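Heads up, the thing below is written out as structure tokens.
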Amino acid sequence: HILILSSGNARYRWQEKIRQALHKENKGFRFIKYSEIKELESQFFFYITSLQKDIIEKINPNFKGAFISSSIDPYTEEYIDNNRTLTHYFRKHGIPSYRVHASGHAMPHHLINFINSVNPEYLIPVHTEHPHFFKTFFKNSEIKVRVLDKNDEFDLN
């Protein structure tokens, strides 16, 4: 069973969409509140979207699951500090702890490695705040980078 710790209203639109989808599938019970943490005893995977140190005092001492934390920005100092504290606490109590980065966004060096592996004739950056970065980075490459405006067309033939 995967449970999702809910601290109240959805902060982002994607969070609300996840909630709606789970409720539509009659899986709204997977959302739990901080006050329900102490009731968990065994065989649960625990998923948190934002880490908070005060969760430690809310964990049932008989909890026998796994702790999985996820963040859209795993490289902030606060996230790293909180994650170390929680990981240390859980491991000390025999609870495995895992951290995943699950935003759907790739790191720049992963994108560059992927692009170099594929070696496309054309590269059209989309869903990025810095499309011209690719033009600069690949300027000495055989890859032709095309930065398109919103309504631009590009013939692939």
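Quick note, my numbering runs 33 ahead of the 1-based positions in the sequence shown.
Each residue gets a CB set at the ideal place from its N, CA and C atoms; glycine is no exception.
Quick caveat: nothing in here was measured; it's all calculated off a predicted structure.
Task: Selection from Thr120, Arg124, Phe166 that minimises the alpha carbon distance to Arg132 - done: Ranking Thr120, Arg124, Phe166 by Cα distance to Arg132 puts Thr120 first.
- [ ] Count the CB pairs spanning the segment 160-169 and the segment 177-188 that are closer than 8 angstroms, and state whether there are at least three.
- [x] Touching, yes, given that three or more Cβ pairs across the two stretches are closer than 8 angstroms.
- [ ] Please name the residue in Lys183, Asp188, Leu189, Leu144 whose C-alpha comes closest to that of Phe171.
- [x] The option with the nearest alpha carbon to Phe171 is Leu144.
Open item on the list: Looking at the secondary structure, which residues open and close the alpha helix (DSSP H) in which Ile37 lies?
Closed with: Unbroken run through Ile37 is the beta strand (DSSP E), 35-38; no alpha helix (DSSP H).
- [ ] Could you round the C-beta distance between Ser39 and Lys60 to whole angstroms and report it? I think they count as a contact, below 8 angstroms.
- [x] The pair is not a contact, with the Cβ atoms about 13 angstroms apart (cut-off 8 angstroms).
Open item on the list: Using a 10 Å radius around the Cβ and a threshold of 16 neighbouring Cβ atoms, would you call Ser68 buried or exposed?
Closed with: Its Cβ having fewer than 16 others within 10 Å, Ser68 is exposed.
TODO: Could you have a look at Pro107 and say whether DSSP puts it in helix, strand or coil?
DONE: Confidence in Pro107 is poor, its pLDDT being 49 and thus under 50, which makes the residue's placement too unreliable to answer from.
- [ ] Kindly identify the DSSP beta-bridge partner or partners of Lys177.
- [x] BP columns for Lys177 point to Tyr155.
Task: Inter-residue Cα distance where the pair is Pro107 and Thr118 - done: Legend: pLDDT at Pro107 = 49, less than 50; position of this residue unreliable, no value from coordinates given.
Open item on the list: Can you list, in chain order, the residues of its chain with a C-beta nearer than 6 angstroms to that of Phe96? Leave out the 5 residues immediately preceding and following it.
Closed with: Within the same chain, Leu73 come within 6 angstroms of Phe96 by CB-CB distance, once the 5 residues on both sides are set aside.
Task: Residues bridged to Val64 (per DSSP) - done: Note on residue identity: the sequence assigns Phe, not Val, to residue 64. Here Phe64 is bridged, per DSSP, to Ile37.
Open item on the list: Between which two residues does the alpha helix (DSSP H) holding Arg52 run?
Closed with: In the DSSP assignment, Arg52 falls within the alpha helix (DSSP H) that extends over 46-57.
Task: Buried/exposed call for Phe147, threshold 16 Cβ in 10 Å - done: The residue is exposed, with fewer than 16 neighbouring Cβ atoms inside 10 Å.
- [ ] Identify, in the order they occur along the chain, each residue of the same chain with its Cβ nearer than 7 angstroms to the Cβ of Glu186, setting aside the five sequence neighbours on each side.
- [x] Spatial neighbours of Glu186 in its own chain (CB-CB distance under 7 angstroms, excluding positions within 5 residues in sequence) are not present.
Open item on the list: Let me check understanding here. Comparing Cα to Cα, which of Ile70, Asn173, Lys125 lies closest to Lys91?
Closed with: Out of Ile70, Asn173, Lys125, Ile70 has the C-alpha closest to the C-alpha of Lys91.
- [ ] Measure the CB-CB distance between Phe64 and Arg52 and report whether it falls below 9 angstroms.
- [x] Yes, they are a contact pair.
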